[in-house]
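Participant:
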Amino acid sequence: MNELSRAQIRDLMAQVLANQGKVLPDDDAADLREIGFRSLDFSELALRVEDETGEELNFDAPGLRRIATVGDVLDFLGTLQRQ
């Protein structure tokens with residue numbers, strides 16, 4: 001599997017936000033609600049990660065509920081790639 005680095009996932013996240021005219025802050029502690037990153041954006045980001053790696057990510061809704069910051073998204077997707 002072609003695992004993406006944290007920086008690569010961050011770049012993909014920035015692209016998802018840029019498509020909506022939004023900017024990804026440099027701070028991993030930035031609150032997702034404050035930057036306008038919604039669950040639909042997370043789905044798009046997950047699909048982009050899958051496209052880049054050629055692997056399907058398997059995750060459940062309870063895990064998603066704990067995601068509140070940019071860093072949480074990066075950590076969650078990084079962990080999923082290693083499962």
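Sequence positions in the sequence shown follow UniProt numbering and run 1 to 83.
Glycine included, every Cβ here is placed at the ideal spot set by N, Cα and C.
Because the structure is a prediction, the values reported are computed rather than measured.
Would you mind working out which of Gln-83, Val-16, Arg-82 sits nearest Ser-43, comparing C-alpha positions?
Facilitator: Val-16
Participant: Ordered along the chain, which non-local residues of its own chain (more than five positions away) have a Cβ less than 7 Å from that of Leu-4?
Facilitator: Val-49, Glu-52, Thr-53, Gln-81
Participant: Nearest-angstrom Cα distance between residue 87 and Asp-60?
Facilitator: Residue 87 falls outside the range modelled here, since the chain spans only 1 to 83, and no answer is possible.
Participant: Might you give, ordered along the chain, the residues of its own chain that have their beta carbon closer than 8 Å to the beta carbon of Leu-74, omitting 5 neighbours on each side?
Facilitator: Arg-6, Ile-9, Arg-10, Met-13, Asp-28
Participant: Any C-beta of chain C sitting closer than 8 Å to the C-beta of Arg-65?
Facilitator: Protein chain content of the structure displayed is limited to a single chain, and chain C is not contained in it.
Participant: Could you give the distance in angstroms between the alpha-carbon of Leu-47 and the alpha-carbon of Lys-22?
Facilitator: 19 Å
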